[in-house]
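> For the first sequence, the residue numbers in my numbering are 9 to 491.
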Amino acid sequence: MSGPRVRIAPSPTGFMHVGTARTALFNWLFSHQSGGVFILRIEDTDAERNRDEWREGIIAGLHWLGLDFDEGPFLQSDLLPDHVVAAEALFANGYLYPCDCTREEIDERTKGNAKPGYDGHCRDRHVARTDQTALRFRVPDEGTTVVHDVIRGDITFAHDSYEDFIVVRSNGVVLYPLANAVDDRTMKITHIIRGEDLLPTTPKQVMMWEALNHCPEVESVDHPKYAHLPMLVNEQRKKLSKRKDPVAVESYRDQGYLPEAFVNYLALLGWSPRGEEEIVPRSTLIEQFRLEDVSHSPAFFDVKKLTHMNGEYIRALSLEQFIEAATPWVAPWSSEWTPSDRDVPWTREQFDPSLFSHVAHLVQERVATLGEIPAMVSFFFLDDVPFDDVTFEKAIAQDGTAKNVLTLALDAFATVEWSADALHHSTLQLGESLGLALRKSQAPIRCAITGTSVGPPLFESMELLGREVVLERLRGALARAGA
RNA sequence: GGUCCCAUCGUCUAGUGGCCUAGGACAUCACCCUCUCAAGGUGGAGGCACGGGUUCGAAUCCCGUUGGGACUGCCA
Numbered sequence: 009m010s011g012p013r014v015r016i017a018p019s020p021t022g023f024m025h026v027g028t029a030r031t032a033l034f035n036w037l038f039s040h041q042s043g044g045v046f047i048l049r050i051e052d053t054d055a056e057r058n059r060d061e062w063r064e065g066i067i068a069g070l071h072w073l074g075l076d077f078d079e080g081p082f083l084q085s086d087l088l089p090d091h092v093v094a095a096e097a098l099f100a101n102g103y104l105y106p107c108d109c110t111r112e113e114i115d116e117r118t119k120g121n122a123k124p125g126y127d128g129h130c131r132d133r134h135v136a137r138t139d140q141t142a143l144r145f146r147v148p149d150e151g152t153t154v155v156h157d158v159i160r161g162d163i164t165f166a167h168d169s170y171e172d173f174i175v176v177r178s179n180g181v182v183l184y185p186l187a188n189a190v191d192d193r194t195m196k197i198t199h200i201i202r203g204e205d206l207l208p209t210t211p212k213q214v215m216m217w218e219a220l221n222h223c224p225e226v227e228s229v230d231h232p233k234y235a236h237l238p239m240l241v242n243e244q245r246k247k248l249s250k251r252k253d254p255v256a257v258e259s260y261r262d263q264g265y266l267p268e269a270f271v272n273y274l275a276l277l278g279w280s281p282r283g284e285e286e287i288v289p290r291s292t293l294i295e296q297f298r299l300e301d302v303s304h305s306p307a308f309f310d311v312k313k314l315t316h317m318n319g320e321y322i323r324a325l326s327l328e329q330f331i332e333a334a335t336p337w338v339a340p341w342s343s344e345w346t347p348s349d350r351d352v353p354w355t356r357e358q359f360d361p362s363l364f365s366h367v368a369h370l371v372q373e374r375v376a377t378l379g380e381i382p383a384m385v386s387f388f389f390l391d392d393v394p395f396d397d398v399t400f401e402k403a404i405a406q407d408g409t410a411k412n413v414l415t416l417a418l419d420a421f422a423t424v425e426w427s428a429d430a431l432h433h434s435t436l437q438l439g440e441s442l443g444l445a446l447r448k449s450q451a452p453i454r455c456a457i458t459g460t461s462v463g464p465p466l467f468e469s470m471e472l473l474g475r476e477v478v479l480e481r482l483r484g485a486l487a488r489a490g491a
């Protein structure tokens, strides 16, 4: 006996939505723990918003997350003939009827009705099928359809709350509810794991699936099991919006989030591993994930927590791994891909890979995303110190003793043994001679050397920079301060 | 409006009738560590929406209320 077959069926939008990523992950985990098959099917039938290249974003996103699919990508547009076969079978067996009502006519007729929606006007009018008629599904007047949901249990929908919905447009295009179900039948999908927003249309699909099973023209297929995942919401508790919320997985990749961290965080949205530890390897995710344990309520996509988790993943990297991971942000010219909209502050000539490998450990524990690295180490590679004006004013220009500190440092550093420890002691001493604590005396020096008040440890940085550069920068800061 | 879903700290969650004086994580506050910034350590504040039941006993089961959300198109 073979394992379950699951799929994700996103429509191409040019990028991968975090909601799609979460759905993909849960499908992927489910299939991987049970020896199943994970399929990618791209629903590209809405011609108005479809471009060939748009599907690349989804594939690239899945690949980045390490959620590669076993079958596909299939394009729904290639499966159109199957949709027509199914629609014709439903029509031939009396499940569908032609309707020539316009939206305006329906609105006019039903505006006073207690129940909104189509009123069944054409049900028994025997309208002739033309290119002006759509095909509607005849929903039973009575009874219910029960959706068996692995996460939520059985959900009962009364038939009288559904109108006779359109299945085939007047131009012949088969609409989503049927097309989607037909494709799932074709691909022998056993578990439909998708967003909760699709729950209300599920009864339509179940009804048509069942109807299809009664059509002699088409093969009967067992109903799949459903699992509707809780929505991912924003701070306003609304479904994540493509326009207003940062939902592009690519943008997280470009900011320097690690795929493993991203996956780990996504897994926590609506589910949690056993025990108190939530940072767990993918193998644990696969092993412990259970569809029936998935939460019922919506989850807020919290970038702060994602970022914290990413920092933990970055710190857990070996130095070699960290340097490798940082390459796209610090030396894009030697990287296979480069994050978009990210300018490296230095040139290829200015960048010194060897120096970077020596400073890497100093920044590894200080960044939460890889994209933060350049700003933190730019003073190592730029010829001119990247001064932060506010810091310069505060630490040097407006500080009465700052120039004395710099002058003394210039003198002391000219001859001191060139090591972080010696520089540390030297700074300590020259500060004491002015009655300053180290935290005070290092400030102007730090600003002179790095241009800012935050960053990697000063004395290690100076050691790596070398005596010449350090003295030059001290002189430069003094000059800039007008001394 | 109708149908459906949902309801534990600000957020993500653990909890499936007694281990709950409700646990963890992020965020937040304080302190410690410290050459800056982080990281790290310690500690604090903070929650079962409300009301009825059922039960010896309810965050856990039932009903109602309230609140939030999704869907309601010849989009997907």
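Ideal placement from N, C-alpha and C gives every residue a C-beta, glycine not left out.
Predicted model, so just to flag it, every value in this text is computed and none were measured.
Which runs of the alpha helix (DSSP H), 4 residues or longer, sit entirely within the segment 60–92?
Taking only runs of at least 4 residues, the alpha helix (DSSP H) segments lying wholly in the segment 60–92 are 62–73.
> I'd like the span of the beta strand (DSSP E) that includes residue 161, first residue to last.
Residue 161 -> beta strand (DSSP E) spans 161–166.
> Roughly how many whole angstroms lie between the Cα atoms of residue 143 and residue 190?
C-alpha separation (whole angstroms): 16 Å.
> Looking only at its chain, what residues have a beta carbon closer than 7 Å to the beta carbon of residue 377, apart from the 5 residues adjacent to it on each side?
Within the same chain, residue 377 has close Cβ partners 263, 264, 265, 315, 318.
> Report the start-end ranges of each alpha helix (DSSP H) in the segment 403–483 that is 4 residues or longer and not cut off at the edges.
If we require 4 residues or more, the alpha helix (DSSP H) runs fully inside the segment 403–483 come out as 410–421, 428–440, 446–458, 466–473.
> Considering just the uninterrupted stretch of the beta strand (DSSP E) at residue 16, what are its terminal residues?
Its beta strand (DSSP E) spans residues 13–16.
> Residue 294 lies in the alpha helix (DSSP H); which residues open and close that run?
Unbroken alpha helix (DSSP H) run through residue 294: 290–296.
> Run through the DSSP bridge pairs and tell me what residue 196 is partnered with.
None, per the DSSP bridge assignment.
> So what's residue 24 in DSSP terms, helix, strand or just coil?
The answer is coil: DSSP assigns residue 24 none of H, G, I, E or B.
> So what's residue 282 in DSSP terms, helix, strand or just coil?
Of the three classes helix, strand and coil, the one that applies to residue 282 here is coil, per DSSP.
> Give me the Cα-Cα distance between residue 52 and residue 103, rounded to the nearest whole angstrom.
If I take the Cα positions, the gap works out to 26 Å.
> Determine the burial state of residue 138: buried for a count of at least 16 other Cβ atoms within 10 Å of its Cβ, exposed for fewer.
With fewer than 16 Cβ atoms within 10 Å of its Cβ, residue 138 is classed as exposed.
> Using a Cβ-Cβ cutoff of less than 7 Å, which residues in the same chain neighbour residue 135 once the five nearest sequence positions on both sides are dropped?
Hits under 7 Å: 106, 107, 108, 141.
> In whole angstroms, give me the CA-to-CA distance for residue 393 and residue 344.
Rounded to the nearest angstrom, the two C-alpha atoms are 30 Å apart.
> Just how far apart, CA to CA, sit residue 9 and residue 119?
Summary for residue 9: the model assigns pLDDT 49, below 50, so the residue's position carries little reliability, and this model does not support an answer.
> What is the DSSP secondary structure of residue 146, counted as helix, strand or coil?
Reduced to three states, the DSSP call for residue 146 is coil.
> Pull up the distance between the alpha-carbon of residue 290 and that of residue 40, whole angstroms please.
Going by the C-alpha atoms only, they are around 11 Å apart.
> For the 8 Å Cβ check, are there 3 or more pairs between the segment 399–418 and the segment 447–459?
The answer is yes - the segment 447–459 touches the segment 399–418, with three or more Cβ pairs under 8 Å.
> Rounding to the nearest angstrom, what Cα-Cα distance links residue 385 and residue 463 in this structure?
Cα-Cα distance, rounded: 8 Å.
> Is the separation between the beta-carbon of residue 245 and that of residue 306 shorter than 8 Å?
In this structure, residue 306 lies closer than 8 Å to residue 245 by Cβ.
> Decide if residue 362 is buried, meaning its Cβ has at least 16 other Cβ atoms within 10 Å, or exposed.
Looking at its Cβ environment, which holds fewer than 16 other Cβ atoms inside 10 Å, residue 362 is exposed.
> Starting from residue 157, trace the beta strand (DSSP E) in both directions and tell me its first and last residue.
Where residue 157 is concerned, the enclosing beta strand (DSSP E) stretches over 152–157.
> Going along the chain, which residues of its own chain have a beta-carbon closer than 7 Å to the beta-carbon of residue 310, five neighbours each way excluded?
There are no such residues.
> For residue 428, which residues from the same chain have a beta carbon less than 8 Å from its beta carbon, with the 5 sequence-adjacent residues on both sides left out?
Once the five neighbours on either side are set aside, the close Cβ partners of residue 428 are 465, 467, 468, 470, 471.
> Identify the continuous beta strand (DSSP E) that holds residue 47 and give its terminal residues.
Run containing residue 47: 45–50, per the beta strand (DSSP E) assignment.
> So, residue 7 versus residue 155, is the Cβ gap smaller than 8 Å?
Since the first residue shown for the chain is 9 and the last is 491, residue 7 is missing from the structure and cannot be characterised.
> Can you tell me the Cα-Cα spacing of residue 21 and residue 28, whole angstroms?
If I take the Cα positions, the gap works out to 11 Å.
> I think residue 145 touches residue 165, with their Cβ atoms under 8 Å apart; what is that distance to the nearest whole Å?
So it is not a contact: roughly 14 Å between Cβ atoms.
> Three-state secondary structure (DSSP) at residue 393?
Coil at residue 393, not helix or strand.
> Nearest to residue 431 by CA position, among 442, 443, 416, is which residue?
Ranking 442, 443, 416 by Cα distance to residue 431 puts 416 first.
> Use the C-beta contact count for residue 204: other C-beta atoms within 10 angstroms, 16 or more gives buried, fewer gives exposed.
Result: buried.
> CA-CA distance, residue 67 and residue 347?
Looking at the two C-alpha atoms, the distance is approximately 17 Å.
> In the structure shown, what three-state DSSP assignment does residue 177 receive?
It is coil, neither helix nor strand.
> Counting only the same chain and skipping the five closest in sequence on each side, list residues whose C-beta sits under 6 Å from that of residue 23.
Contacts found: 65, 256, 258.
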